[in-house]
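In the working numbering, the protein residues as written are 4 to 109.
Using N, Cα and C, we set each Cβ at its ideal position, and we do this for glycine too.
This structure is a prediction, so every number in the text was calculated from the model and none was measured.
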């Protein structure tokens, strides 16, 4: 928690995956200064629709995402960590376009 507080003081944006199948997002996604991310499928259905908290901010593709595996093959994988990677990329693009945005504005 101290490192995340230090990141917030320095204006860093922290994106974290939520815990699937739980009633709460888990740490560090539960912190006010963190953008919690849930996984959704290709139709926008949230992976864990039972959890909705005041800190729910984002959902991104994270269910049955095509991923590479060795020997030029691929597989389908799922998880909110995949969704968090998508949101991190969007945050990076936002900051590239508007570098003066604060974590709260994002």
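Hey, how far is the Cα of residue 89 from the Cα of residue 9? Walking along the chain shown from the start, residue 89 turns up at place 86. Walking along the chain shown from the start, residue 9 turns up at place 6. Each residue's Cα considered, the two are about 24 Å apart.
First and last residue of the uninterrupted beta strand (DSSP E) at residue 20: Along the chain shown, one-based indexing puts residue 20 at 17. Residues 17-20.
Assuming residue 39 and residue 7 form a contact by the criterion Cβ under 8 Å, report the distance between their Cβ atoms to the nearest whole angstrom. Here residue 39 refers to the residue found at position 36 when the chain shown is read from its first residue. Here residue 7 refers to the residue found at position 4 when the chain shown is read from its first residue. About 12 Å; that fails the 8 Å criterion.
According to the Cβ coordinates, are residue 62 and residue 49 closer than 7 Å? As a working mapping, residue 62 is identified with position 59 in the chain shown. As a working mapping, residue 49 is identified with position 46 in the chain shown. Yes, the pair counts as a contact, with Cβ atoms nearer than the cut-off.
What's the C-alpha gap between residue 96 and residue 18? Residue 96 sits at position 93 when you count from the first residue of the chain shown. Residue 18 sits at position 15 when you count from the first residue of the chain shown. The straight-line gap from Cα to Cα measures roughly 14 Å.
Does DSSP put residue 37 in a helix, a strand or coil? To locate residue 37, count along the chain shown from 1; it is residue 34. Correct three-state label for residue 37: strand.
Can you tell me whether DSSP reads residue 96 as helix, strand or coil? Counted from its first residue, the chain shown places residue 96 at position 93. Residue 96: helix per DSSP, three-state reduction.
Run the CB neighbour count on residue 14, radius 10 Å, all protein chains shown included, and call it buried at 16 or more, exposed below. By one-based count along the chain shown, residue 14 stands at place 11. Result: exposed.
DSSP puts residue 89 in a beta bridge; with which residues? Start at 1 with the first residue of the chain shown, and residue 89 comes out as number 86. According to DSSP, residue 89 bridges with nothing at all.
For residue 44 versus residue 66, is the C-beta distance shorter than 7 Å? Within the chain shown, the letter at position 41 stands for residue 44. Within the chain shown, the letter at position 63 stands for residue 66. Yes, the Cβ-Cβ distance between residue 44 and residue 66 is below 7 Å.
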